[in-house]
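Numbering that gives the first Met the number 0 puts the first residue of the first sequence at 0, with every later residue one more than the last. For each residue, glycine too, the CB sits at the ideal point set by N, CA and C.
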Amino acid sequence: MEHLKEIFATVLKDNLESDLTEKDILSLIEKPKISEQGDLAFPCFTLAKTFKKAPQLIASELANKLEHPLFDQVVANGPYVNVFLEKRQVSREIHEKVLQEKDAYGSYTIGEGKNIVFDTSSPNIAKPFSMGHLRSTVIGNSLALIVEKLGFNAIKVNHLGDWGTQFGKLIVAYKLWGDEEKVRNQPIKELLDLYVKFHAEAEDNPSLDDEARAWFKKLEEGNEEAQSLWKWFRDESLKEFSKIYELLNVDFDSYSGEAFYNDKMGRVIDLLNEKGLLEESEGAEVVKLDEYDLPPTLIKKKDGATLYATRDLAAALYRQDEYEFDQAIYIVGHEQSLHFKQLFLVLEKMGYEWAKRMVHVPFGFILKDGKKMSTRKGKVVLLEEVIKEAIELAKNNIDEKNPDLANKEEVAQAVGVGAIIFHDLKNERLNNVEFSLEEMLKFEGSTGPYVQYTFARACSILRKANVTEFESSGLNDEDSWEVTKMLMNFPNTVLRSYEQLEPSNIAKYLLNLSQAFNKYYSKVKILNDDADQMSRLALVKAVTIVLKEGLRLLGIRSPEAM
RNA sequence: GUCCCAGUAGCUCAGCUGGAUAGAGCAACAGCCUUCUAAGCUGUCGGUCGGGCGUUCGAAUCGCUCCUGGGACGCCA
């Protein structure tokens, strides 16, 4: 589509005596909202001033002059010049392009030789894997795939929340009320109960908080008892998490969490001191950000222990040393926007030019009854159970609709998990979403299974056709044209998803492509034996290529039958 | 109190850097399987785009302001 816009712009430029550059013209060109109006449109409002003529008049004069072999007709429609493309030629061109490039269709090379580090997923040890972490995991995974399609090398770091005062709290809680048996049997559940109990008790007995801080200090200093409890909690939690990652088909290049940076804090503090950025304030040590009108960043607590920001600074320095990243992308909830703003500014004050290439990709919360879910109060929904339920539901659907399907288990997993991932990615990531099992487990309408189903149907046609070599001579009908136009938009959609770091662009695109194809499918008999059959099959093949690739970019599998 | 998000159909949301009659899905109702998978398709119903002012030939889109909801604001992460 982009190159057709450029052709249109060139033709316009040649027929216009104005000081508009080709680039100006290109940016004015748009797609008519209603496809009956044409394929490309040029509004003449801005020309009205320079020519001192009514835009309608300019449009009709222009429409008569414009010609190009790829234009079927050019018509004036009020103040717009609308172009109808030569369907057969353009569609042939697009079909052939997709068939030749296959899953590389929509790829770019702009990222070659550059590393992008993703900080993604990052669940907290000793807490259940929440719906919020699902968002980070799924968005991060998709963005990494998108970025790789642009040629970048993506490095996914799971910055585990395996350090911090929370472990002091857990140790205190375990020593007071813990039961080794129980923890061994149901680690996550039991540890969560202890955590929740701690917060409940601490409300009446604030000295517990002091104890927790003391235990965390001991942990940081290498106290043996603290260390072994910590390690135990961590191991049990990781076991649970890996089950979920397996179901989601997600992996990481590094699991270096916060604890990993424990011995790298000294360097950060030394550097901050050297640069004269560290100041004492109310007993703690901070970096002030007054010049940006922001509150100071706390680096060291009054008891000398480090904080979240300290560890993130250490992590940033380490990652730049280790990966020489071109960009660092943090996929973390939008509640932490201030923290990242501060983090990046502190690095900038430290004189690192790469701090400007760090970006926080925030996302909205999962709400329960209109409020943020809080682990501290035990208000969590366990992801693993949700996924299992989705797979079970998908299985029931298969038993009902396609009982003879070969690899039911595998397909059920792809569809169930696909529904959950797609549900998370289809909307703009900054939107808050109300947690709703019902919504997540829908398989009809704008859902992942809808796209997967479209793919499976298209594959089914190709199996029946039983051809191996596809070749398109182009198609001339309105129904296939809508599908072809969607195919044309794929590369641009990929690019926009990268520019906006927004996987939902691809999800929405896939819904539109699926819808266009399903309409086509219901109207036109593809396997009808006539002169255009081969071209129709080429179109179907192209659709399967793009659907599969698009789903892949979201981290969703595409079963060929369901 | 200060700052950051958001407010579009009964519900969940699209609406690209302002442009032609504001679009989907769900729900409700009415249709379509002796022909390529009905997890699909077609149609009906449904909107003062939170309110107001402004910029513009043109505003759901940009600016200001108010209202509502959510979030963040130094020893949690």
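Item                                                                                                                                                                               : Value
Can you tell me whether DSSP reads K299 as helix, strand or coil?                                                                                                                  : strand
Using the C-alpha atoms, what's the distance from S557 back to F219?                                                                                                               : In the sequence under discussion, the amino acid at residue 219 is Glu, which differs from the Phe named in the question. Spanning the two alpha carbons is a distance of roughly 46 Å.
What beta strand (DSSP E) runs, 3 residues minimum, are completely inside the segment 234 to 281?                                                                                  : 277 to 280
DSSP three-state label for I460, please.                                                                                                                                           : helix
With DSSP as the reference, please indicate the residues paired to Q326 in a beta bridge.                                                                                          : I115
Find the nearest neighbour of H359 within the set L142, P68, T20 and Q99, judged by alpha-carbon distance.                                                                         : L142
Nearest to Y322 by CA position, among K113, S120, Q72 and F251, is which residue?                                                                                                  : K113
When burial is assigned at 16 or more other CB atoms within 10 Å of the CB, is Q499 buried or exposed?                                                                             : exposed
Between the alpha carbons of P490 and N430, how many angstroms are there, rounded?                                                                                                 : 25 Å
Got a sec? Which residues, its chain only, sit under 7 Å from L25 by beta carbon, not counting five neighbours each side?                                                          : K4, E5 and A8
Just to confirm, is the Cβ distance from G549 to S90 under 8 Å?                                                                                                                    : no
Considering only their Cβ atoms, is the gap separating E481 from M533 smaller than 8 Å?                                                                                            : no
Tell me which same chain residues have a C-beta within less than 8 Å of the C-beta of I138, skipping the five on either side of it?                                                : T119, I330, V360, F362, D423, L424, R428 and P502
So, Q451 versus M561, is the Cβ gap smaller than 8 Å?                                                                                                                              : yes
So, under 8 Å CB-CB, V523 and F434 are touching, yes? Tell me the CB distance rounded to an integer number of Å.                                                                   : About 41 Å; that fails the 8 Å criterion.
For L342, is the beta carbon positioned less than 7 Å from some heavy atom of the ligand ADP?                                                                                      : With respect to the ligand ADP, the structure offers nothing, as it holds no ligand at all.
When the Cβ atoms of the segment 257 to 277 are set against those of the segment 158 to 172, are three or more pairs found closer than 8 Å?                                        : yes
CB G417 to CB I555, shorter than 8 Å?                                                                                                                                              : yes
Just curious, the beta strand (DSSP E) that I109 is in, first and last residue?                                                                                                    : It is not in any beta strand (DSSP E) - I109 carries neither H nor E in the DSSP assignment.
Relative to the alpha-carbon of W566, which residue among E279, Y194, E179 and I268 has its alpha-carbon at the smallest distance?                                                 : Outside the shown range of the chain (0 to 561) lies residue 566, about which nothing can therefore be said.
DSSP three-state label for H359, please.                                                                                                                                           : strand
Could you name the residues of the same chain whose beta carbon sits closer than 7 Å to that of W176, not counting the 5 residues immediately before and after it, in chain order? : L193 and K196
Anyone know if the C-beta pair for V267 and A313 falls short of 8 Å?                                                                                                               : yes
Which residues does DSSP pair with Y79 in a beta bridge?                                                                                                                           : P42 and N76
What is the DSSP secondary structure of E559, counted as helix, strand or coil?                                                                                                    : coil
The beta strand (DSSP E) spanning E284 covers which residue range?                                                                                                                 : A283 to L288
How big is the Cα-Cα spacing for E202 and Y104?                                                                                                                                    : 58 Å
Apart from the five residues on each side of it in sequence, which residues of its chain come closer than 6 Å, Cβ to Cβ, to L144?                                                  : L552
Since S513 and L546 are thought to touch, with beta carbons under 8 Å apart, how far apart are those beta carbons, to the nearest angstrom?                                        : 7 Å
Please list the segments of the alpha helix (DSSP H) lying wholly inside the segment 429 to 487, counting only runs of 4 or more residues, in order along the chain.               : 436 to 439 and 447 to 464
Out of Q226, D302, T49 and Q36, state which residue places its alpha-carbon closest to the alpha-carbon of G282.                                                                   : D302
Compute the distance between the beta-carbons of Y519 and S479, then report whether it is under 8 Å.                                                                               : yes
Between the segment 207 to 226 and the segment 145 to 152, are three or more C-beta pairs nearer than 8 Å?                                                                         : no
Can you name the start and end residues of the beta strand (DSSP E) that K155 belongs to?                                                                                          : N152 to V156
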